Structures are given as C-alpha cells and as structure tokens.
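Residue numbers (my numbering): 1031 to 1224. Below you'll find the structure, written out as structure tokens, and then a few comments.
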C-alpha cells in the first residue's frame, strides 16, 4: 500500500483542526457547555424522555442533613416526609447534567406552587463558587442543596446526573442514571398521580 505524502499531510490537517478545536474548548472551559448543547439536541428528539416504568427502588432513609445552596440554611430531609420529592444529583462540570437542566426547570415551573411536590437539586461540585456562578449565569430558579451528612445508600450512585422520585410513603419509585428529558406528559403524570 503506497500512501502519498500529500494524503498524509491532508489527514494530519483534518485531525489537527479537531485537536485544536477541542483543546481550545477545553482551555476556555467551554467544552462542558458545547457538549451539553449537543446533548440537549438529542433530548429534543423525545428519545431520551424519562419513563415512569422504572419501578420501586427502595425505602427512603430520612436521616439526612442538607443545606440550602443559596443561604447555607440547615435542612433536615425529614421535613419532606409525606411529600413527593424530585431529587436530582448534578455538577456544573457535567455535560449531561447541564443538558437536562432546562427540562428540569420547566418541570419545576409546572409544580412550583404545588405544596405536595418538592424539588431538590443536589449539587456535588467541590467548588461551590463555580456552581453558584453557573446557576446565576443560567438563571435557574429550582431549589439547590448541598450535603452536610453522607448520602443515604438508596440515593448513592456512581454516575451523575442521577434522578430519584420519592412518593408520599417514603418509597423511591423512580431512579434514572444519566441524561433524560423530564418535562414530558408521562413524567408530569407520575408526579401528579402516584
């Protein structure tokens, strides 16, 4: 097989462009945002809608201390007993987390006046200031929390984003790991009916 010098140079130029592009996105910190934008396009297809068929996962452990992200106010997870809880674990450096946030914000807006449904966005960034800047820049209004005590085992996961729904009886009735669109009729019905 005889490969010409011109074809090698052409191939190196095409790969070089992508390496420089990715390097530039990485250095400027824009890579997670660009990746999230591409993943958000995938969400728009409807192929990644969250399904309510995930089923029973386990019983909630209410022995969990948190703090409100914005104020630092201590919160006892027991305060949410008897309510339906939407819990999403996220980080500002996580492209799938960033990609699904617009659908979560829409879902939150749909339920924000329903006193029986609680939204908890649990941020796991090591750098709280970076996460605060991200939230401010994006203008999300859903409630954010940080852990004070260790996360109960029923909510532990090796990946983010991870999303859980806890019913009024304290049963985890939904668990999804990875990217999903939560602003769908079936998911709204799950939060409304069950």
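Beta carbons are placed, not taken as given, at the ideal position from N, Cα and C, and that holds for glycine. Source: prediction; values computed, not measured.
Query - Inter-residue CB distance, residue 1099 and residue 1174 (contact presumed, cutoff 8 Å) - result: 3 Å
**Report entry** Rounded separation between residue 1208 and residue 1151 - CA only
**Finding:** 15 Å
Query raised in the report: Is the distance from the Cβ of residue 1201 to the Cβ of residue 1112 below 8 Å?
Result: no
Query - Cross-strand partners of residue 1105 (DSSP beta bridge) - result: 1096
Query raised in the report: Taking Cβ positions, are residue 1137 and residue 1213 nearer each other than 8 Å?
Result: yes
Requested in this report: Could you tell me the distance, in whole angstroms, from the CA atom of residue 1146 to the CA atom of residue 1222?
Outcome: 9 Å
Query raised in the report: Hey, out of 1215, 1211 and 1206, whose CA is closest to residue 1087's CA?
Result: 1206
Query raised in the report: If we ignore side chains and look at the alpha-carbon of each, how far apart do residue 1149 and residue 1033 end up?
Result: 59 Å
Report task. Excluding the 5 residues preceding and the 5 following residue 1114 in the sequence, name in chain order all residues of the same chain whose CB lies nearer than 8 Å to its CB. Result -> 1146, 1147, 1148, 1195, 1196, 1197, 1198, 1221 and 1224
Query - Residues near residue 1161 in its chain [Cβ-Cβ closer than 6 Å; skip 5 each side] - result: 1122, 1153 and 1155
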